[in-house]
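Here the structure comes first, spelled out in structure tokens, and everything after it is commentary.
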Amino acid sequence: MEPYAPRAQRLWRWVDAPQDVEVAGFVALQAVLGEEERARVRAGLSEADQHTLVTFARRIALATLRTGDPAALVAAFEALAAVDVEKVDERDVVWAAALVTYAAQRAGVALSADDATTRATPEVARILRDLSADEVDLPGDWGLREVATPGGVVLLQDDGETYRADSGLALRALRAADLLEAARYPHAEVTVATALPAVWLGEEHADLLRSLTEVAAVHAEPDPGADGRTTHFLQLYLAETTARDAAAIAGEASNGGTAMIGVAAGHRCAVLISRSSRAEAPARETAASLERFRPSLTELLS
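Residue numbers (the numbering used here): 1218 to 1519.
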């Protein structure tokens, strides 16, 4: 099976992917195979194939939340039933099963994974049964939150802090992710209901940061190097507070010694940081190079 592109694996956006048709065809076929033939097919799946099946299930869950049509959820359960936890992280299967079950519950259908469990390995059958037995609390148990956008529902990471759906900060964070991805950082993740850690401004400003009423964040990375890894990233925080405190936070961020800038517009502010995950490696950006983002961030916050 052809792996999904990284953009198609994100839950904070929807992009069409030709792999959906291929995987749906495979899932339909393996569901009608005899037990021995199904085991042989499963044994022939590579680790990449297993990840593709898990991604397919997650995408079906997101598509169902966006359309309200539960028809494809059966295929999502069947995709997970074809997975072998010896070849893929069991936690990925549990997470995907929770998403599919949540989508079924949100669609208001009494869809059960019981049928698919008869074709799954004992380990995966247990996961599917356990997840489908209870109500799934997506933010509380899985750190994900549904957010309605003009293009449809998406799922954003949630750190469990204050979140007001009517503030519009989540939509601004999604626009910010697009902005960073277009600027040589094509791998972004978005988090709402998070916090701006005092470490970026200094512990002496902890009281100032406590005035924030809501925070969203975007973590963006460049394409990995030849070894498949990247050590550089941008971390962007968007926050709401009073106009006075927003200006103060932006000023402190812009005066720091690290590769960081602060931007304020009314009662909102942004702090953009460039860092390396290796302590000995310099940041990819400087405060001066980050200035190219200031006009766009100002417009985004306004």
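Cβ coordinates follow ideal geometry from the N, Cα and C atoms, glycine included.
Where residue i sits in the DSSP three-state scheme
i: tyrosine 1380; result: coil
i: leucine 1451; result: strand
i: arginine 1511; result: helix
i: glutamate 1352; result: coil
i: arginine 1346; result: helix
i: valine 1232; result: coil
i: leucine 1361; result: strand
i: valine 1300; result: coil
i: glutamate 1340; result: helix
i: alanine 1456; result: strand
i: threonine 1366; result: strand
i: serine 1428; result: coil
i: proline 1414; result: coil
i: arginine 1224; result: helix
i: alanine 1496; result: coil
i: glutamate 1202; result: No answer is possible for residue 1202: it lies beyond the span of the chain, which begins at 1218 and ends at 1519.
i: proline 1287; result: helix
i: threonine 1503; result: coil
N- and C-terminal bounds of the alpha helix (DSSP H) containing residue i
i: histidine 1268; result: 1264-1284
i: alanine 1433; result: Run containing alanine 1433: none in the alpha helix (DSSP H); it sits in the beta strand (DSSP E), 1431-1438.
i: arginine 1461; result: 1460-1471
i: glycine 1242; result: 1236-1248
i: leucine 1316; result: 1307-1323
i: valine 1258; result: 1252-1260
i: glutamate 1398; result: 1386-1398
Residues near residue i in its chain [Cβ-Cβ closer than 6 Å; skip 5 each side]
i: leucine 1175; result: What the structure shows of the chain is the stretch from 1218 to 1519, and residue 1175 is not part of that stretch, so it cannot be assessed.
i: isoleucine 1520; result: There is simply no residue 1520 to check, as the chain begins at 1218 and stops at 1519 in what is shown.
i: arginine 1275; result: Ala1313, Leu1316
i: threonine 1503; result: Ala1476
i: alanine 1225; result: Val1232, Ala1234
i: arginine 1511; result: Val1480
Cutoff 8 Å; reference residue i; Cβ partners in own chain excluding five residues on either side
i: arginine 1392; result: Leu1517
i: glutamate 1352; result: Gln1322
i: leucine 1279; result: Leu1228, Trp1231, Leu1316, Ala1320, Val1370, Val1371, Leu1372
Exposure label - residue i; buried when at least 16 CB within 10 Å
i: serine 1519; result: exposed
i: alanine 1460; result: exposed
i: alanine 1371; result: Position check: residue 1371 holds valine in this sequence, whereas alanine was assumed. When all chains shown are included, valine 1371 counts as buried.
i: serine 1494; result: exposed
i: arginine 1485; result: buried
i: threonine 1334; result: buried
i: valine 1238; result: exposed
i: serine 1491; result: buried
i: threonine 1284; result: exposed
i: leucine 1514; result: buried
i: leucine 1246; result: exposed
i: arginine 1343; result: exposed
i: threonine 1281; result: buried
i: aspartate 1462; result: buried
i: alanine 1320; result: buried
i: threonine 1475; result: exposed
i: glutamate 1469; result: buried
i: serine 1506; result: exposed
i: aspartate 1301; result: buried
i: valine 1249; result: exposed
i: arginine 1389; result: buried
i: alanine 1410; result: buried
Delimiting residues of the beta strand (DSSP E) encompassing residue i
i: aspartate 1375; result: 1369-1375
i: valine 1488; result: 1485-1493
i: alanine 1405; result: 1404-1409
i: alanine 1482; result: 1477-1482
Cutoff 7 Å; reference residue i; Cβ partners in own chain excluding five residues on either side
i: glutamate 1508; result: Ile1478
i: arginine 1401; result: Pro1439
i: tyrosine 1221; result: Ala1234, Gln1236, Thr1269, Thr1272
i: leucine 1397; result: Ala1405, Val1435, Ala1437, Leu1451, Leu1453
i: serine 1471; result: Ile1478, Gly1479
i: phenylalanine 1294; result: Val1317, Ala1330, Ala1333, Leu1345
i: serine 1384; result: Glu1431, Glu1457
Min CB distance residue i to chain D below 8 Å
i: leucine 1517; result: Absent here is chain D; the protein component of the structure consists of one chain.
Check your understanding: Is there contact between the region 1281-1294 and the region 1258-1268, where contact requires at least three CB pairs shorter than 8 Å?
Key -> no
Review point. Three or more C-beta pairs closer than 8 Å, one from the region 1250-1261 and one from the region 1306-1318: is that the case here?
Key: no
Review point. Are the region 1372-1387 and the region 1337-1352 touching, with three or more C-beta to C-beta distances below 8 Å?
Key: no
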